[in-house]
Amino acid sequence: MKDTVVEKLTARFSESIEFINEYRGELTVVLKKKAIVDVCRFLHDDDELHFDSLRDLLGADYYRPDDRYEVVYNLFSLKNKFRLRLKVRIDESDLHVLSVTSVWSGANWQEREAYDMFGIVFDDHPDLRRMYMPEEFEHHPLRKDFPLMGIPGSLALPRK
Amino acid sequence: MDTTTVDPKKRIFRALEDQDTSVTFDDPLENDMILNMGPQHPATHGVLRLLVRLDGETIVSAVPDLGYLHRGYEKIAENTTYHEFIPHTDRLDYLSPLANNVAYVLAVEKLAGIEVPRRAQFIRVICCELARLASHLVWLGTMAMDVGAVTVLLWGFREREKIQDIWDLLTGVRFTTSFTRIGGLAQDMSDETTAAIRAFLDQFSENLHESEKLLIKNKIFIDRCEGIGYISPADAINIGLTGPMLRACGVEHDLRRDEPYLSYPELDFDIPVYHDCDTLARFYVRMQEMKESVKILYQALDKIPNGQINASDPKRVLPKKERTYSKMEELIHDFMIVNFGINPPIGEIYQAIEGSKGELGFYLVSHGEGYPWRLKIRSPSFVNLQSLPVMLKGQMISDVVAIIGSVDPVMGEADK
Amino acid sequence: MGMNSATEGFLTTRLDDIAGWARKNSLWPMPMGISCCAIEMMSFAGPRYDVARFGSEAFRFSPRQSDLMIVAGTVTYKMSHVVRKIYDQMPDPKWVIAMGACTSTGGMYRSYSVVQGIDLFVPVDVYVAGCPPRPDNLLKGLMEIQKKIERGEKPGQREKIYIEEHA
Ligand code: SF4
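Protein chains in written order, with the numbering used here: chain Z, 1 to 160; chain V, 1001 to 1416; chain P, 2001 to 2167.
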């Protein structure tokens, strides 16, 4: 299955793929940011690959000068029982990436979570609000420069 | 939606109004009502907040609001060593703490490349299945209570107390177990525990059957569940539902089969699948699953081999506590592991198990340090809850509790 | 005149005692079940530990009908407003039990979103230690509240009680 996925992807999107990597039996494909929706749509619609469910979507902060953030897509094909991981890299200067909610509606909340935690903005998302933190909160807690104990005063307590 | 101009507190109402409200029902007064359920509501299973827009008694749209139990696990994980995080996994899905422990250490072991002895694998299977039973019992009780049958709650808790007594024997505590260790287990399973599990299983099937009889012969219960909360298989897959929710939609998917872990391939069990996609189907799937768990437990108890329970890898597996008091090497290793962590090689992995709610996965990124660089919990409840707006649309307000009950969310896990 | 006021005083204290006695044996808890501890709180109401022995089996989910709030679970900043609102809605006199490490001090969650102890925003009468406390310990907490009422302490005269965990 692995070879089919790699073959099909490279045949079709050779210029959008940055590199392909395998670690402990898990396949990871790093993509250019622009291509993410096209690739996802292809993987979802293709009869042979048929990645019909998005199992997980997450942001990650690598705290490096270039391409600081990553968005990771964890796909699963119920037909082939195969997992594939896609990744796009996002630079701090441009925190936008296209939303994949048009492909999998389940991406909705997961993208909201990534927005809440990292401030990554998913364009074309139907309802991009914070997932966990209160709407008034101004920071993005999972960023590496956010302290574990939070910023005093950033969240209000009720009056005693 | 222009998010800058809207008052942040009103955004949730905007979301409610923005939803596709193509379901219209004749409303003579032409106005609808917004009802706020939760976060403190007995039927929302913790702190789920649900805003529903009603037309008479019919739900036009619904928006769940999460985050009332957001404890910041992922941030905490980045600041603890791999071992230190184990107690936190108990509190994720607090109905089945043992299964979470197993899921987490499996992920770390995959990352670090540690192979666990066979005996430990069997004990972990037993842990997972006991956890599934305990979790489904709470689900059974609370869901039955939500639709009006309180007896089943008390009976369910009676059985659950017995399981917690077994946990007490097995792990030393009744509830927050923290039982697994990276590369093995905290302690071996004694003969006393084995006997206790057998004694429990021998009477459990009958008691479960009693509870089941109370419900499936009960017209009120059936009427309140049948045809309620429909979600089509296509939607279910698209949203990414897993576990009993998916299997009640006729999709045979179980990670114990599809991506075998531990010693599940050696055990013989069925995967119950129902095709009705409604609340009743989910009820049947979970009931059948409990029976399958009993089967698995019997087999695991029969097949469990003797031997070690910890991998022999002193740099990464904690030594026995007694030996650290008498042996220098063990003391050094214990000190190194506790203070600096196990330093898995640079890389990233994802490992999931079939938890009682669905696919419970951990995505770990290691930078070769004692702390994970990033840990992401793929929690089944979080994803399953996403199906609520789909299932609620067009239903009656009184069915909300039955539908939430059939999703079986645990907010500790959904909110992380 | 003097006699009269004495009898009056006598009568009212006796009445207070009776009301206190009745109140003590029919504390209606408002189960503020938030997370893991809530499950142990359900065990505490369940068949084995059976809180009905102490007259508190009537869990009221409406704050207006209850006089004891058991806060069981991690209180986040987002949730704290809800807890406070529910506390404000309860009629006087009212008591609060902080069940578990999280509610008492923030427990193991030293993170940006967890309130480090609910006494930062509501007054607490009894702290029950444990993570989660065993149901027997929570029962002990309940008995402490009953003793408090028996001693005639008004919720204003608060003296904090700490229930330790025993093996
Ligand atoms: S004290 Fe422990 S068991 Fe109770 S809510 Fe906190 S973490 Fe959960």
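In this text, a Cβ means the ideal position worked out from N, Cα and C, and glycines have one as well.
{"Query": "Ordered list of alpha helix (DSSP H) runs contained in the region 1207-1269 of chain V, each at least 4 residues", "Result": "1219-1225, 1233-1239, 1244-1247 and 1255-1258"}
{"Query": "Local conformation of W1373/V per DSSP, three classes", "Result": "strand"}
{"Query": "Cβ-based neighbour list, L78/Z, same chain, cut-off 7 Å, excluding 5 preceding and 5 following", "Result": "D52 and S53"}
{"Query": "Status (buried if at least 16 other CB within 10 Å, exposed otherwise) for M2032/P", "Result": "buried"}
{"Query": "Meets three-Cβ-pair contact criterion under 8 Å: the region 25-32 of chain Z and the region 76-92 of chain Z", "Result": "yes"}
{"Query": "Distance between E1266/V and T1058/V (C-alpha atoms, nearest Å)", "Result": "49 Å"}
{"Query": "S53/Z in three-state terms, based on DSSP", "Result": "strand"}
{"Query": "Where F1175/V meets chain P, residues with beta-carbon distance less than 8 Å", "Result": "C2036, I2039, E2040 and P2132"}
{"Query": "Interface positions of the region 2051-2076 of chain P facing chain V (Cβ-Cβ less than 7 Å), listed along the chain", "Result": "F2061, T2074 and T2076"}
{"Query": "Separation of A1248/V from D1270/V, as counted between CA atoms", "Result": "14 Å"}
{"Query": "Validate contact between the region 1104-1120 of chain V and the region 1389-1405 of chain V using beta carbons, cut 8 Å, 3 pairs", "Result": "no"}
{"Query": "Cβ neighbour criterion (16 or more within 10 Å) applied to D1027/V", "Result": "Caution applies to D1027/V, whose pLDDT of 49 falls short of 50 and renders its modelled position unreliable; the value that the coordinates give is listed next. Result: exposed."}
{"Query": "Cross-strand partners of K87/Z (DSSP beta bridge)", "Result": "V30/Z and V72/Z"}
{"Query": "Where the alpha helix (DSSP H) through R1118/V begins and ends", "Result": "R1118 to D1146"}
{"Query": "G1141/V versus I1034/V - alpha carbon distance", "Result": "29 Å"}
{"Query": "Reduced DSSP secondary structure (H/G/I, E/B, other) of G1184/V", "Result": "strand"}
{"Query": "Selection of the region 1035-1051 of chain V by Cβ proximity to chain P, strictly under 8 Å", "Result": "P1039, Q1040, H1041, P1042, G1046 and V1047"}
{"Query": "Closer than 7 Å: P65/Z CB and nearest the ligand SF4 heavy atom", "Result": "no"}
{"Query": "Proximity to Q2116/P [Cα-Cα], best of V2128/P, V2124/P, D2125/P and T2103/P", "Result": "T2103/P"}
{"Query": "Test: F2121/P CB closer than 8 Å to a CB of chain Z", "Result": "yes"}
{"Query": "Any non-hydrogen atom of the ligand SF4 closer than 7 Å to G25/Z Cβ", "Result": "no"}
{"Query": "Residues near V109/Z by beta carbon distance below 7 Å, same chain, minus five either side", "Result": "According to the sequence as given, residue 109/Z is Trp; it is not Val. M131, listed in sequence order."}
{"Query": "Interface residues of the region 2101-2114 of chain P facing chain Z [CB-CB below 8 Å]", "Result": "R2110, S2111, Y2112 and S2113"}
{"Query": "Proximal chain V residues relative to I2086/P, where beta-carbon distance stays under 8 Å", "Result": "Q1040"}
{"Query": "Within-8 Å CB hit, K1393/V to chain P", "Result": "no"}
{"Query": "Classification of Y2162/P by the beta-carbon crowding that lies within 10 angstroms, buried from 16 upward", "Result": "exposed"}
{"Query": "Helix, strand or coil at W2028/P [DSSP, three-state]", "Result": "coil"}
{"Query": "Three-way DSSP call (helix, strand, coil) for W104/Z in this model", "Result": "coil"}
{"Query": "Near the ligand SF4: T1151/V beta-carbon under 7 Å from a heavy atom", "Result": "no"}
{"Query": "Proximity test, Cβ basis, 8 Å: V1401/V and chain P", "Result": "no"}
{"Query": "CB of E106/Z within 8 Å of CB of Q1040/V, strictly", "Result": "Here residue 106/Z is Gly; the residue named in the question, Glu, does not match the sequence. In this structure, Q1040/V does not lie closer than 8 Å to G106/Z by Cβ."}
{"Query": "Any C-beta of chain Z under 8 Å from that of Y1264/V", "Result": "no"}
{"Query": "Contacts that Y2080/P makes with chain Z (C-beta to C-beta distance below 8 Å)", "Result": "The residue asked about is misnamed: residue 2080/P is Ser in this sequence, not Tyr. Neighbours of S2080/P on chain Z, chain order: L157 and P158."}
{"Query": "Collapsed DSSP secondary structure at L128/Z in the structure displayed", "Result": "coil"}
{"Query": "Helix, strand or coil at D1026/V [DSSP, three-state]", "Result": "With a pLDDT of only 49 at D1026/V, under the threshold of 50, the placement of this residue in the model should not be trusted; the figure read from the coordinates follows. Residue state, collapsed to three classes: coil."}
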